[in-house]
Amino acid sequence: MDYGFNGNLGGVSLGADYTFENAIRAGITFNIGGGYAESSGGDLSSTDNRMNFWGLGAYAGWNYENFGVMADVSYTSTWNQLKQDVDSRMGMGDLEADVQATAISAGLRAEYLLQTSAMDIIPHIGVRYMSLNTWGYDVDTHGGTVLEGDSLHQDIWTFPIGVTFSKDFALDSGW
């Protein structure tokens, strides 16, 4: 039995920001892309997913001496065109569904820069909310709808805490 998987995902992200005189930096982002995933082989039904996505975001940050605060908000939309081969002995034809989902996210982060001779230490703490929404969908075959997927909503809260260690250095060549 041969089993296989093939997939590819690509996209582009563009953005711009501006730093104001009062130490506030603000910007916007846009991303778009797509791809596919295919599986096949053996006793498993071959499945094909053609997908695309796009999103928008905005962010801002403010620094005062060694203290910094950052905030962001984003919206992402995905669309998946799914097809699954069904054994002809089932007498129903291949399955097809279009599944669409969206995500809205907002976050806030605070950090403090501790400079040492060996490295910079930046502890940070934050909060992030994400609202995930999958729209209802139908799984169809040539005989009609065989399954109805309900819409799904999830509220996800995370509270990231961490420490960044970094140090800038230059080589003799100037790099």
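Under numbering that gives the first Met the number 0, the residue at position 114 of the sequence shown is numbered 113, and the numbers go up by one with no gaps.
Using N, Cα and C, we set each Cβ at its ideal position, and we do this for glycine too.
Because the structure is a prediction, the values reported are computed rather than measured.
The region 117 to 124 and the region 80 to 95 do not touch, with fewer than 3 CB-CB distances between them shorter than 8 Å. Three or more Cβ pairs drawn from the region 44 to 51 and the region 69 to 82 lie within less than 8 Å of each other, which places the two stretches in contact. Here Gly3 is exposed, its C-beta having fewer than 16 other C-beta atoms within 10 Å. Of the other Cβ atoms in all chains shown, 16 or more fall within 10 Å of the Cβ of Glu110; this residue is therefore buried.
The three-state reading of DSSP puts Met69 in strand, counting E and B together. Taking a 10 Å sphere around the C-beta of Gly161, we find fewer than 16 other C-beta atoms and assign the residue as exposed. Runs of the beta strand (DSSP E) lying entirely within the region 41 to 124 and spanning at least 3 residues, in chain order: 46 to 63, 66 to 83 and 94 to 111. Distance from the Cα of His152 is smallest, within the candidate group Leu107, Val145 and Ile103, for Ile103. As DSSP reads the structure, Glu147 sits in a beta bridge with Asp137. DSSP places Gly161 inside the beta strand (DSSP E), whose first and last residues are Ile160 to Ser165. Here Leu131 really is in contact with Ala100; their C-beta atoms are around 7 Å apart, less than 8 Å.
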